[in-house]
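Chains as they are written, first to last, in this note's numbering: chain A, 194 to 332; chain B, 194 to 332; chain C, 194 to 332.
Notes follow once the structure below has been shown.
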Amino acid sequence: MKHYRKELWFDAPSRMHFTNITSEIKDCLTESNINEGLLLVNAMHITASVFINDDESGLHHDYKVWLESIAPHAPTSQYRHNDTGEDNADAHIKRQIMGREVIVAITNGKLDFGPWEQIFYGEFDGRRKKRVLVKIIGE
Amino acid sequence: MKHYRKELWFDAPSRMHFTNITSEIKDCLTESNINEGLLLVNAMHITASVFINDDESGLHHDYKVWLESIAPHAPTSQYRHNDTGEDNADAHIKRQIMGREVIVAITNGKLDFGPWEQIFYGEFDGRRKKRVLVKIIGE
Amino acid sequence: MKHYRKELWFDAPSRMHFTNITSEIKDCLTESNINEGLLLVNAMHITASVFINDDESGLHHDYKVWLESIAPHAPTSQYRHNDTGEDNADAHIKRQIMGREVIVAITNGKLDFGPWEQIFYGEFDGRRKKRVLVKIIGE
């Protein structure tokens, strides 16, 4: 069994931001020399997500508006977590909705994807450096 | 390490539809000859989910009503994604809530399940052929 | 390839309850003697979650209030699932939002975690004994 690990760093320019990281993940897979297996990509921080969906700016806008409507940032005083001095309780909720991680099948040395699947780093408490973990096992 | 891959095709009869695919997944596992490992089942399309829950029609009704209430299909003009000519922005949101994939432990050649766990293909933009990917690694 | 399996049992003292199970999962990893691989932790019941987030009591309060607001327990008559004699339809919904499972990378014999990641068993229909499955594969 082969295994591979890498950390990727991101610094989102706004509180809520989605970054297409598919090409970075493909580079990891190439570097790993793994042809058959499973690839895990997870946010290492608990106010961020990794998810798979479409790279379409209108959709990303819709996600942000919808997430803000069901788990609003303000007023920050509505959340007990923010009594600790944080203002990011909503980001912890948004991350649970969008998910921490994705698992992608690796087949013939490629991400085994449907026609529109792209991997995104979803940031909900940005404007600072945060990490994503890539772990691949297989052969 | 052994590995196995299969695509399963579905054509849901309505926009939102849940299909119990547990027996198809069991057939894949039998075909794989893998006794210990991990099994990934993921939607290959980004307006569909794979999830594990109960095979109870009342519950499926409740899921549909609830999903429609928090991410309604209409009016389609409320979503910027639909400006591209699509009408499925709500389906992209519903899929994120219900999830893209499940990972199931394989033990002694069986899906290592609790008493009520069943695997479903969850369609949110149906009435056309779409795919699910099954990947199993182990020994 | 090595593989390891264990069931952990929990009896939550209230309907909705979050239990930090990180130390139990670390014990499983030690017992497995696996240094590199993937670890799956999943609820074996369909009204419970396993998720990764912060061990902060204010945040857990916020999660409970928020989940109750978007998928309320009462009135139980609003859900068709409850016509079967159950009163836990809301718990099936809450579990989908928070997720069934997590996958954690194993690196150098440790859970490969960011600074604040902790694993929780999330119960939404408690006051009875229920199980979590731990499966590790690797070498």
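A virtual CB, placed ideally from N, CA and C, is assigned to each residue, including glycine.
Beta-carbon contacts of residue i that lie in its chain and below 6 Å, excluding the five residues immediately before and after
| i | result |
| --- | --- |
| residue 310 (chain A) | 245 |
| residue 205 (chain B) | 316 and 319 |
| residue 302 (chain C) | 228 |
| residue 253 (chain A) | 211 |
Any C-beta of chain C under 7 Å from that of residue i
| i | result |
| --- | --- |
| residue 227 (chain B) | no |
| residue 332 (chain B) | yes |
| residue 267 (chain B) | no |
| residue 202 (chain B) | no |
Contacts of residue i in chain B (Cβ-Cβ under 8 Å)
| i | result |
| --- | --- |
| residue 289 (chain C) | 244, 246, 256, 290, 291 and 292 |
| residue 295 (chain A) | 293 and 294 |
| residue 194 (chain A) | 194 |
Beta-carbon contacts of residue i that lie in its chain and below 7 Å, excluding the five residues immediately before and after
| i | result |
| --- | --- |
| residue 265 (chain C) | 283 |
| residue 242 (chain C) | 236, 288, 291, 292, 293 and 315 |
| residue 219 (chain B) | 304 |
Neighbour list for residue i in chain A, Cβ cutoff strictly below 7 Å
| i | result |
| --- | --- |
| residue 249 (chain C) | 274 and 277 |
Proximal chain C residues relative to residue i, where beta-carbon distance stays under 7 Å
| i | result |
| --- | --- |
| residue 241 (chain B) | In chain order: nothing, as chain C lies at least about 15 Å away. |
| residue 263 (chain A) | 263 |
Burial state of residue i, where buried means 16 or more other Cβ atoms lie within 10 Å
| i | result |
| --- | --- |
| residue 305 (chain B) | buried |
| residue 323 (chain B) | buried |
| residue 278 (chain C) | exposed |
| residue 276 (chain A) | exposed |
| residue 202 (chain B) | exposed |
| residue 225 (chain A) | buried |
For residue j and residue i, believed in contact at Cβ under 8 Å, the rounded distance
| i | j | result |
| --- | --- | --- |
| residue 273 (chain C) | residue 251 (chain B) | 4 Å |
| residue 196 (chain C) | residue 286 (chain C) | Not really, about 33 Å apart at Cβ, beyond 8 Å. |
| residue 198 (chain A) | residue 267 (chain C) | Not really, about 47 Å apart at Cβ, beyond 8 Å. |
| residue 326 (chain A) | residue 231 (chain B) | Rounded, the Cβ-Cβ distance is 17 Å, inconsistent with contact. |
| residue 233 (chain A) | residue 296 (chain A) | 6 Å |
| residue 194 (chain A) | residue 194 (chain C) | 5 Å |
| residue 214 (chain A) | residue 313 (chain A) | 7 Å |
| residue 269 (chain C) | residue 280 (chain C) | 5 Å |
Proximal residues of chain B, C-beta to C-beta of residue i below 9 Å
| i | result |
| --- | --- |
| residue 302 (chain A) | The premise fails here: residue 302 (chain A) is roughly 12 Å from chain B at the closest Cβ pair, so nothing lies under 9 Å. |
| residue 222 (chain A) | Within chain B, no residue comes near residue 222 (chain A); the closest Cβ sits about 14 Å away, beyond 9 Å. |
Cβ of residue i within 7 Å of any chain B Cβ
| i | result |
| --- | --- |
| residue 319 (chain A) | no |
| residue 328 (chain C) | yes |
Heavy atom of the ligand HEM within 6 Å of residue i beta-carbon
| i | result |
| --- | --- |
| residue 232 (chain C) | As far as ligands go, the structure on display features none, and thus does not contain the ligand HEM. |
Contacts of residue i in chain A (Cβ-Cβ under 8 Å)
| i | result |
| --- | --- |
| residue 286 (chain B) | 255, 256 and 259 |
Residue i at chain A interface by Cβ criterion, 7 Å
| i | result |
| --- | --- |
| residue 298 (chain C) | yes |
| residue 231 (chain C) | yes |
| residue 209 (chain C) | no |
Closer than 8 Å at the beta carbon, the chain C residues around residue i
| i | result |
| --- | --- |
| residue 282 (chain A) | 251, 252 and 255 |
Contacts that residue i makes with chain B (C-beta to C-beta distance below 7 Å)
| i | result |
| --- | --- |
| residue 316 (chain A) | Those do not exist, as residue 316 (chain A) stays about 15 Å from chain B at its closest Cβ, beyond 7 Å. |
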